[in-house]
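Presented below is the structure to which this report refers.
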Amino acid sequence: DTGVSQDPRHKITKRGQNVTFRCDPISEHNRLYWYRQTLGQGPEFLTYFQNEAQLEKSRLLSDRFSAERPKGSFSTLEIQRTEQGDSAMYLCASSLEADGLGQKLFFGSGTQLSVL
Amino acid sequence: GQNIDQPTEMTATEGAIVQINCTYQTSGFNGLFWYQQHAGEAPTFLSYNVLDGLEEKGRFSSFLSRSKGYSYLLLKELQMKDSASYLCAVRDIKAAGNKLTFGGGTRVLVKP
């Protein structure tokens, strides 16, 4: 399968703990995005990488959140000192610059985070 | 910023047609996308419009009017498997990395 993969699929943690999620984009895609989605809502943009450079961060991304893409391939999203309000589905997407189909985003199945 | 509005929920009968409307406000429109998302799964791409008019793909069609800031997704010959959320998303030419901004999604329930 050459789609976007995310790990883990589900994460349950206690408030105050740190969690890290991983995303492996489609291999030839140079753009990678993180979104957050809560039940009944659309995905909200968090941050974006072009290759290894993090080029934009949403104001939704507090300083407890950090994302990396060290070699321009996989990415990690870490949340420190988790809060109950962080409970959500964290979606990763990738795209290829100059793709003819309007540079559509390909999404992974997400990591469902529950903070108790 | 961008405002994207779509109905929260719609119900239709198997075999029927449903039209999901989406209105948007953006200063630098550069494309509108529709995605389908089944519960607990990844959003999957359905259609893309950047010019006015209708794009048809099998049972699904999408329409765009840039002057009205309006799009719709038309689902024909509804099947039970079409029960899902349908996400309207807009790209702004000023957005870094061509990111998409999503509406809240329309949950479609297909009944037998």
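Protein chains in written order, with the numbering used here: chain Z, 16 to 131; chain W, 11 to 122. Backbone N, C-alpha and C fix where the C-beta goes; we use that ideal spot for every residue, glycine too. All values derive from a computational prediction rather than experimental measurement.
Assign residue i to buried or exposed, taking buried as 16 or more other Cβ atoms, counted over all protein chains shown, within 10 Å of its Cβ.
i                : result
Leu83 (chain W)  : buried
Asp15 (chain W)  : exposed
Asp102 (chain W) : buried
Ala49 (chain W)  : exposed
Ala108 (chain Z) : buried
Ala26 (chain W)  : exposed
Lys119 (chain Z) : buried
Going along chain W in order, which residues have a C-beta closer than 8 Å to the C-beta of residue i?
i               : result
Gln69 (chain Z) : Residues of chain W passing the Cβ test: none, with the nearest at roughly 10 Å.
Using a Cβ cut-off of 7 Å, pull out every chain W residue sitting near residue i, in sequence order please.
i               : result
Lys29 (chain Z) : Near Lys29 (chain Z) there are no residues of chain W at all, since even the closest Cβ is about 23 Å away, more than 7 Å.
CB-CB under 7 Å to residue i, same chain, minus the five flanking residues each way: which ones, in chain order?
i                : result
Ala103 (chain Z) : Arg51, Gln52, Thr53 and Leu128
Thr62 (chain Z)  : Trp49, Gln69, Glu71, Lys72, Ser73, Leu76 and Ala82
Arg69 (chain W)  : Leu85, Lys86 and Glu87
For a contact meaning CB atoms closer than 7 Å, what does residue i contact in chain Z?
i               : result
Glu51 (chain W) : Ser124
If you drop the 5 nearest sequence neighbours on each side, which residues of the same chain put their C-beta closer than 8 Å to that of residue i?
i               : result
Val34 (chain Z) : Lys26, Thr28, Glu93, Ile94, Thr97 and Leu128
What does a CB cutoff of less than 6 Å around residue i pick up in its chain, not counting 5 residues either side in sequence?
i               : result
Pro58 (chain Z) : Tyr50, Gln52 and Leu106
Just how far apart, CA to CA, sit residue i and residue j?
i                : j                : result
Gln89 (chain W)  : Tyr96 (chain W)  : 15 Å
Ser75 (chain W)  : Tyr58 (chain W)  : 13 Å
Gly126 (chain W) : Thr91 (chain Z)  : Residue 126 (chain W) cannot be examined here, being either before or after the span of chain W that is shown, 11 to 122.
Gly18 (chain Z)  : Ser88 (chain Z)  : 13 Å
Gly31 (chain Z)  : Gly115 (chain W) : 31 Å
Asp92 (chain W)  : Val118 (chain W) : 8 Å
Arg37 (chain Z)  : Gln21 (chain Z)  : 6 Å
List, in order along the chain, the chain W residues whose C-beta lies closer than 9 Å to that of residue i?
i                : result
Leu120 (chain Z) : Phe43, Tyr45, Pro53, Phe55, Ala99, Asn108, Lys109 and Leu110
Tyr48 (chain Z)  : Gly107, Lys109 and Leu110
Could you tell me which chain Z residues have their CB closer than 8 Å to the CB of residue i, listed as they occur along the chain?
i                : result
Gly115 (chain W) : Gly55, Gln56 and Gly57
What ranges does the beta strand (DSSP E) occupy inside the region 53-86 of chain Z, keeping only unbroken runs of at least 3 residues that lie completely in it? For the region 53-86 of chain Z, whole beta strand (DSSP E) runs of length 3 or above, ordered along the chain, are 59-65, 68-72 and 80-83.
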